[in-house]
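A quick write-up on the structure given underneath.
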Amino acid sequence: MLTLFLGAEMAWASMSLSISISRNTDNASWEALIFSISSMNGLFLPIISAIVVSRVCDMEHKGNTWKMLMTTNTGRNQVYAAKYICANSLILYGIIAQAVFILGFGWFKEIGGDMPFLPLLQFVIGTMITTLLVIALQQWLSLTVRNQAFALCLGLLGGFIGTTSGLFPPGIRQFLLWSYYMDLSPVTYVYSTASTTGSYVSGMPPAGLLIAAMLLTVILYFAGSFHASKQEI
Numbered sequence: 001m002l003t004l005f006l007g008a009e010m011a012w013a014s015m016s017l018s019i020s021i022s023r024n025t026d027n028a029s030w031e032a033l034i035f036s037i038s039s040m041n042g043l044f045l046p047i048i049s050a051i052v053v054s055r056v057c058d059m060e061h062k063g064n065t066w067k068m069l070m071t072t073n074t075g076r077n078q079v080y081a082a083k084y085i086c087a088n089s090l091i092l093y094g095i096i097a098q099a100v101f102i103l104g105f106g107w108f109k110e111i112g113g114d115m116p117f118l119p120l121l122q123f124v125i126g127t128m129i130t131t132l133l134v135i136a137l138q139q140w141l142s143l144t145v146r147n148q149a150f151a152l153c154l155g156l157l158g159g160f161i162g163t164t165s166g167l168f169p170p171g172i173r174q175f176l177l178w179s180y181y182m183d184l185s186p187v188t189y190v191y192s193t194a195s196t197t198g199s200y201v202s203g204m205p206p207a208g209l210l211i212a213a214m215l216l217t218v219i220l221y222f223a224g225s226f227h228a229s230k231q232e233i
């Protein structure tokens with residue numbers, strides 16, 4: 001399922017980038033590739049994360065395995081941590097696949113310039129930090145609410161917000177965690193006030209937002225773990 005969604009995203013990105021490059025050769029740049037994948041992640045990764053977490057957590061509800069786990073030395077906090085690591089490991093596989101796709105597509109299209117290893121590393125780190133935050137929220141909901149439709153709806157809502165986050169003012173966008181897929185990207189698109197065109201600008205992701213995302217991840221993770229461990233079974 002994860003590979004299928006990633007394949008659909010990369011196929012969409014490949015077609016979109018090919019059309020964009022054919023219309024304007026200025027779009028044949030590494031920055032454009034990274035920005036395009038980051039913007040698509042705002043749609044795809046919240047939904048993929050919701051599906052992955054829901055599948056990982058739903059076995060405890062459908063199989064009613066919490067009571068069996070309580071007869072062993074395994075605590076609910078340990079199970080919570082194991083599920084969190086498992087879900088994030090699966091998404092990390094997808095993010096690395098995206099980085100490989102960027103390099104492969106750029107090589108295929110013969111994009112000039114040096115290989116963007118530093119921006120790609122920043123892309124992987126920024127996307128993974130956002131994923132850690134999103135999954136912390138998704139797992140809290142998936143493990144404490146038996147009906148997984150609520151968690152999946154949250155993922156769909158996150159995908160919508162992630163796609164449209166560029167339309168929100170910065171003051172509002174910073175409170176929408178799904179917008180971090182673009183906000184923590186090393187490449188942004190800046191429109192020119194003098195014309196209707198714009199340009200890609202690369203740089204370090206904002207340090208303040210990175211720290212805020214990591215702190216919020218810790219808060220959501222431990223809040224969810226505490227809530228799940230105290231919930232009646």
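Under UniProt numbering, the first residue of the sequence shown is numbered 1, with each subsequent residue one higher.
Backbone N, C-alpha and C fix where the C-beta goes; we use that ideal spot for every residue, glycine too.
**Classification of residue 142 by the beta-carbon crowding that lies within 10 angstroms, buried from 16 upward** = The residue in question, residue 142, is buried, as its Cβ has 16 or more Cβ neighbours within 10 Å.
**Request:** Report all residues from its chain with a CB closer than 8 Å to the CB of residue 144; omit the five preceding and five following residues, and keep chain order.
**Result:** Excluding residues up to 5 positions away in sequence, 224, 227, 228, 231 lie with their Cβ nearer than 8 Å to the Cβ of residue 144 in the same chain.
**Prompt:** Per DSSP, residue 198 forms a beta bridge with which residues?
**Reply:** Within the DSSP bridge table, the entry for residue 198 names 191 as partners.
**Request:** Compute the beta-carbon to beta-carbon distance between residue 214 and residue 38, rounded to the nearest angstrom, for a pair I have assumed lies under 8 Å.
**Result:** In fact, because the Cβ distance is near 19 Å, the residues do not count as touching under 8 Å.
**Prompt:** Exposed or buried, what is residue 162 when buried is set at 16 or more other beta-carbons lying within 10 Å of its beta-carbon?
**Reply:** Answer is buried; the Cβ neighbour count reaches 16.
**Message:** Checking 7 Å against the spacing of the C-beta atoms, do residue 113 and residue 185 come in under that value?
**Reply:** No.
**Request:** Go through its chain and collect everything with a Cβ distance to residue 54's Cβ below 7 Å, but skip five positions before and after it.
**Result:** 142, 148, 151, 152, listed in sequence order.
**Item:** Terminal residues of the alpha helix (DSSP H) in which residue 30 lies
**Value:** From DSSP, the alpha helix (DSSP H) with residue 30 extends over 30 to 62.
**Asked** In angstroms, rounded to a whole number, what distance separates the CA positions of residue 60 and residue 28?
**Response** Here the alpha carbons of residue 28 and residue 60 stand approximately 47 Å from one another.
**Request:** Quick one: grab the DSSP three-state call for residue 72.
**Result:** Coil at residue 72, not helix or strand.
**Message:** Whole angstroms are fine: how far does the CA of residue 174 sit from the CA of residue 129?
**Reply:** Their backbone Cα atoms lie some 15 Å apart in a straight line.
**Request:** Look at the Cβ atom of residue 120, then the Cβ atom of residue 177, and state whether they are nearer than 7 Å.
**Result:** Residue 177 sits away from residue 120, with the two beta carbons spaced by 7 Å or more.
**Asked** Using the rule of at least 16 other Cβ atoms within 10 Å of the residue's Cβ for burial, across every protein chain shown, is residue 17 buried or exposed?
**Response** Residue 17 counts as buried, since no fewer than 16 other beta carbons sit within 10 angstroms of its beta carbon.
**Prompt:** If we count Cβ pairs, one from each stretch, closer than 8 Å, do we get three or more for the stretch 90 to 107 versus the stretch 6 to 15?
**Reply:** Yes: at least three Cβ pairs fall under 8 Å.
**Proximal residues to residue 137 (C-beta, below 6 Å), its chain only, five neighbours per side dropped** = For residue 137, where only same-chain residues beyond five positions count, the Cβ hits under 6 Å are 220.
**Item:** Alpha-carbon to alpha-carbon, residue 189 and residue 65
**Value:** Distance between the alpha carbons of residue 65 and residue 189 is about 48 Å.
**Message:** Measuring straight from C-alpha to C-alpha, what distance separates residue 235 and residue 74?
**Reply:** No answer is possible for residue 235: it lies beyond the span of the chain, which begins at 1 and ends at 233.
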